[in-house]
Amino acid sequence: MAPIDIKPEQLAEEVEGYSRKLHAGVERLLGVGEIEAGVSPREVVYQEDKLTLYRYLPDPESAVQNNETPLLIVYALVNRPYMTDIQEDRSTIKSLLAAGQEVYLIDWGYPDSVDRLLTLDDYVNGYIDRCVDQVCQRNQVDQLNLLGICQGGALSLCYTALHQAKVRNLITMVTPVDFQTQDNMLSAWVQHLDVDLLVETQGNIPGEFLNWTFLALKPFTLGGQKYVHLLDSLDDDERAKNFLRMEKWIFDSPDQAGEAFRQFIKQFYQQNALIKGKVDLGGRRVNLKKITCPVLNIYGEQDHLVPPRASMALKGRIGGSDYTEVAFPGGHIGVYVSGKAQALIPPTIGDWLNQR
Amino acid sequence: MGEQDFLGAEWLAAQRDFWEHWSAQTKASNERQTDNPWEAALDQWWKSVAPAAPELMQELLGKTVAQAKQLFQMAELFARRSDDDESFDWQTAIQQTFGDLRRIIAGITGTMNPVPEDMLSEASIEDSVAYLQRLFTFPGLGLGHRSQAQQREMIARLIDYQKARMDYERFFVDLGNLAVTRLQEKVAEVESGGGRIESARMLYDLWVEASEAVYAEQVMTPDYVRLYGELINSQMAVKLQMRTMLDDSFTALGMPTTRDFRALEQRAYDDRKAIKALQKEMRRGKVSVKKKAAKKRVAPRKRAASRDR
């Protein structure tokens, strides 16, 4: 008897069952309506070029005492920040508000050709610094808490190293620090890339290129199996909508400003300059030892984009002694959206901040 | 009943009919059927539903339908045999179904190439090289020295790109063979554990697991890193040369070129920087004025206080 024993009748049944699900699933998906990007109420407090700085409005009925030091979230330049506020019951932002934080977020927008020459210096010492000033001014404080996510975490490390006086506490989430750990697929792929030629030719780097790259990390699972399994999870409207929200986010990839991309790939990935203290931003060296404030470093144990060891490399590399690490049993995206993460991450951040 | 319901029911009925016939036939014959009505019905149904769907949905459901087709196409090969057929060679069936990983991945990602290819398809490269080579066979065509040098450079870059593409695709052929071996091992594991694979989904999931594992190992090798880099670098080299040639033509026609746009972008960037620097100065100035005003307000009060003492 062969180990593969798919009987025609069984296969026929399977195909028909799948077809029924497909038919029902399509009807459900078509009835879902508009997919919103972000769910929590917010206000625009500052705008500059493509950037928008949002303040999230606390629940007026909440009795939680707010932390007087505001929290500014710096998201990555790749993908869109509404991942942190993707749906009602899976919103890191909502949970941070519930944990008593005054939450601000930088939305980088969609760079176009006018932004092609923006450098990492413009992002870190320009945009982030001005947003920090805006938040501090609004809240009449001299310092704020900074939360950097993924690439935004690397930018936040740079910012804190260069502007320590303005940062009271730093939180890094799924943030690469050592960009050349042996298990870092993205890093391996770019080592032989002529990034100067790429940027010279493309100008800005198309979001499509980044999409392809992220899907190519696990092409069979993310590009194929996910869609085969999709129909099993479309048994109610809310689940269908949640799936679509996630799908929209995955493919909502802004183009990358060419110069900033060039610098990020060369300095961070190809030269691993962040941990070597050799990142140069507008003529200023980034030395992680200049970070003396408390640091909370959160990473995903199953993160395939930023392997745990890439994040854990921060330990012992900053100047301060108050360093805390939190390992989350999940992946790069699960760290914001999974039910487990919602129960663990924002309350941990809230407690950690409130104690400092 | 809406049009969609009608089409859906029609489609399901067509499929049911097909499978009934097909199931009966496979009992009688071991030969592969050439046409596939359930697939055609699925396509027909999808074509009728897709136009009504929003863009995001069209893309998502398009992928779902494509994956469903892939799943059942592959399972079909394993099911096309009678129960008492002892000659069925499942190892060969695996090789035939999953061997061409290049095609499968292209089906999944839409392209084998990391950077959208635009006009750089296999056929257009062949055509371009052939066209340019033919062009040089005509004496006195009027091409200037610069233009000729550019064309030659273009040919060289196209050939480099074509080679990089072939090497990259060959890597996936080898990867496909490795994935097949891994899947065969996994199937053998299932068998040695006393289990059997009885559904298309089970087989598909096992294949995904095997392929993903082999892929993760292979794309971290220095070989792949080199091939990936060379593929993108050579494609960029072609595009850049193409742009240089087009820019030259546009310049001759008095039309704006990439160089012009880049210059404008540089100017916009410099202006923006200058404006931001001015704004920063103004902010500093305002703060300084406020501080001075505050000092002035405090000073008379201090003087008055000292008088009172």
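In order, the protein sequences belong to chains A and B.
Heads up: the first sequence at position 122 corresponds to 122 in our numbering, and the numbers run straight through without jumps.
Add 1000 to the 1-based position in the second sequence for our numbering, that's all there is to it.
Idealized CB from N, CA, C, for every residue including glycine.
* From the beta carbon of T1034(B), is the nearest beta carbon of chain A less than 8 Å away? -> Here residue 1034(B) is taken as the residue at index 34 of the second sequence, counted from 1. Low per-residue confidence applies at T1034(B): pLDDT is 44, beneath 50, and the placement is therefore not dependable, though the value from the model is reported in the following sentence. T1034(B) does not count as touching chain A.
* To do: Compare the beta carbon distance of V1225(B) and Q180(A) with 8 Å and say whether it is the shorter of the two.
  => In the second sequence, residue 1225(B) corresponds to position 225, counting from 1. In the first sequence, residue 180(A) corresponds to position 180, counting from 1. No, Cβ-Cβ distance for V1225(B) and Q180(A) is not below 8 Å.
* Given a cut-off of 8 Å, decide if E301(A) and F328(A) are closer than it, judged by their beta-carbon atoms. => Translated into the one-based positions of the first sequence, residue 328(A) becomes position 328. Translated into the one-based positions of the first sequence, residue 301(A) becomes position 301. A contact, by the Cβ cut-off of 8 Å.
* Show which residues of chain C have a CB atom less than 8 Å away from the CB atom of S1211(B). => Note that chain C does not occur in the displayed structure, where the protein chains are A and B.
* **8 Å contact criterion, which L77(A) and Q151(A) should meet: CB distance rounded** => Along the first sequence, read from residue 1 onward, the residue named residue 77(A) stands at position 77. Along the first sequence, read from residue 1 onward, the residue named residue 151(A) stands at position 151. Rounded, the Cβ-Cβ distance is 6 Å, consistent with contact.
* For the alpha helix (DSSP H) holding R138(A), just list the boundary residues, first then last. => Position 138 of the first sequence, counting from 1, holds the residue named residue 138(A). Unbroken alpha helix (DSSP H) run through R138(A): 129 to 139.
* To do: Output the boundary residues of the beta strand (DSSP E) element that contains F328(A).
  => Taking the first residue of the first sequence as 1, we reach residue 328(A) at position 328. 323 to 328 is the extent of the beta strand (DSSP E) around F328(A).
* Verify the CB distance criterion: does P3(A) have a CB-CB separation below 8 Å to chain B? => Within the first sequence, residue 3(A) is the residue found at index 3, counting from 1. Chain B contact via Cβ: present.
* Asked: Does any residue of chain A bring its CB to less than 8 Å from the CB of E1198(B)?
  -> What you label residue 1198(B) is simply residue 198 of the second sequence in a count that begins at 1. So yes, E1198(B) belongs to the interface.
* Asked: What's the gap between the Cα of A257(A) and the Cα of Y18(A)?
  -> Indexing the first sequence from 1 puts residue 257(A) at position 257. Indexing the first sequence from 1 puts residue 18(A) at position 18. Spanning the two alpha carbons is a distance of roughly 43 Å.
* Roughly how many whole angstroms lie between the Cα atoms of A1263(B) and R1272(B)? -> The residue given as residue 1263(B) occupies position 263 in the second sequence. The residue given as residue 1272(B) occupies position 272 in the second sequence. Cα-Cα distance, rounded: 14 Å.
* Between A1040(B) and the rest of its own chain, which residues show a CB-CB distance below 6 Å, the 5 nearest in sequence each way excluded? -> On the second sequence, residue 1040(B) is found 40 positions in, with the first residue counted as 1. Answer for A1040(B): no residue qualifies.
* Proximity test, Cβ basis, 8 Å: E247(A) and chain B -> Counting from one through the first sequence, the residue named residue 247(A) turns up at place 247. So, interface residue.
* To do: Using a cut-off of 8 Å between C-beta atoms, extract the partners of S113(A) located in chain B.
  => Taking the first residue of the first sequence as 1, we reach residue 113(A) at position 113. The answer, in chain order, is F1261, E1265.
* **Near-chain A residues of the region 1213 to 1237 of chain B (beta-carbon distance less than 9 Å), N- to C-terminal order** => Y1215, A1216, V1219, M1220, T1221, P1222, Y1224, V1225, R1226, L1227, Y1228, G1229, E1230, I1232, N1233, Q1235, M1236, A1237
* To do: Return the residue from the list I1197(B), V1287(B), L1206(B), R1267(B) that minimises the CA-CA distance to V1180(B).
  => To locate residue 1180(B), count along the second sequence from 1; it is residue 180. Closest option to V1180(B), Cα to Cα, is L1206(B).
* To do: Compare the C-beta of H332(A) against all C-beta atoms of chain B and say whether one is closer than 8 Å.
  => Working through the first sequence from its first residue, we reach residue 332(A) at position 332. No, its Cβ sits nowhere closer than 8 Å to a Cβ of chain B.
* Asked: Would you report the Cα separation of R28(A) and D1043(B), rounded to the nearest angstrom?
  -> To locate residue 28(A), count along the first sequence from 1; it is residue 28. To locate residue 1043(B), count along the second sequence from 1; it is residue 43. Each residue's Cα considered, the two are about 20 Å apart.
* **Endpoints, alpha helix (DSSP H) assigned at T201(A)** => Locating residue 201(A) in the first sequence gives position 201, where the first residue counts as 1. Here the alpha helix (DSSP H) through T201(A) covers 195 to 202.
* Residues, ordered as in the chain, of the region 5 to 17 of chain A that lie near chain B by beta-carbon distance below 9 Å -> D5, I6, K7, P8, E9, Q10, L11, A12, E13, E14, V15, E16
* Rounded to the nearest angstrom, how far is the Cβ of K94(A) from that of L231(A), given a contact under 8 Å? -> For the purposes of this step, residue 94(A) is taken as the residue at position 94 of the first sequence. For the purposes of this step, residue 231(A) is taken as the residue at position 231 of the first sequence. Not really, about 30 Å apart at Cβ, beyond 8 Å.
* Asked: Are the beta-carbon atoms of G207(A) and L215(A) separated by less than 8 Å?
  -> For the purposes of this step, residue 207(A) is taken as residue 207 along the first sequence, with counting starting at 1. For the purposes of this step, residue 215(A) is taken as residue 215 along the first sequence, with counting starting at 1. No. Outside cutoff.
* **Buried versus exposed call for I1275(B) [16 or more other C-beta atoms within 10 Å across all chains shown]** => The residue labelled residue 1275(B) in the question sits at position 275 within the second sequence. Answer is exposed; the Cβ neighbour count stays below 16.
* Asked: Do V1187(B) and the ligand MN come close, with the Cβ less than 7 Å from some heavy atom?
  -> Because no ligand of any kind appears in the structure shown, any question about the ligand MN cannot be addressed here.
* Pick helix, strand or coil for A145(A), following the three-state DSSP scheme. => Within the first sequence, numbered from 1, the residue matching residue 145(A) stands at position 145. For clarity, residue 145(A) is Asn in the given sequence; the question names Ala instead. Here N145(A) sits in strand by DSSP.
* **Cβ-based burial, M1282(B) [other Cβ within 10 Å; buried from 16]** => Looking up residue 1282(B) in the second sequence gives position 282. Flag for M1282(B) reads exposed.
* Chain-ordered neighbours of A1293(B) on chain A, where CB pairs are closer than 9 Å -> To locate residue 1293(B), count along the second sequence from 1; it is residue 293. Near A1293(B) there are no residues of chain A at all, since even the closest Cβ is about 18 Å away, more than 9 Å.
* Buried or exposed by the 16-neighbour rule on C-beta atoms within 10 Å, applied to H1145(B) -> Against the second sequence, residue 1145(B) aligns to sequence position 145. Exposed, because fewer than 16 other Cβ atoms sit within 10 Å of the Cβ of H1145(B).
* Provide the residue span of the alpha helix (DSSP H) that contains I275(A), from first to last. => Counted from its first residue, the first sequence places residue 275(A) at position 275. I275(A) -> alpha helix (DSSP H) spans 273 to 276.
* Taking 8 Å as the cut-off, decide whether the C-beta atoms of W249(A) and N79(A) are in contact. => For this step, residue 249(A) is matched to residue 249 along the first sequence. For this step, residue 79(A) is matched to residue 79 along the first sequence. Contact flag set, yes.
* **Cβ distance (whole Å) where K340(A) is taken to contact G319(A) below 8 Å** => Along the first sequence, read from residue 1 onward, the residue named residue 340(A) stands at position 340. Along the first sequence, read from residue 1 onward, the residue named residue 319(A) stands at position 319. In fact, because the Cβ distance is near 33 Å, the residues do not count as touching under 8 Å.
* Does the beta-carbon of V1321(B) have 16 or more other beta-carbons within 10 angstroms, so that it is buried, or is it exposed? -> What is shown of chain B runs 1001 to 1309, which leaves residue 1321(B) out entirely.
* To do: Note down the Cα distance separating T84(A) from M173(A), rounded to an integer number of angstroms.
  => The residue you call residue 84(A) lines up with position 84 of the first sequence. The residue you call residue 173(A) lines up with position 173 of the first sequence. Approximately 12 Å between the Cα atoms of the pair.
* **Below-8 Å beta-carbon distance, D194(A) vs any chain B residue** => Here the question's residue 194(A) lines up with position 194 in the first sequence. D194(A) counts as touching chain B.
* Check whether the Cβ atoms of K50(A) and D133(A) sit closer than 8 Å, and answer yes or no. => Position 50 of the first sequence holds residue 50(A). Position 133 of the first sequence holds residue 133(A). Not in contact: K50(A) and D133(A) (Cβ atoms no closer than 8 Å).
* Asked: Across which residues does DSSP place R55(A) in a beta bridge pair?
  -> Taking the first sequence and counting its residues from 1, one reaches residue 55(A) at position 55. Beta-bridge pairing links R55(A) to E43(A), Y104(A).
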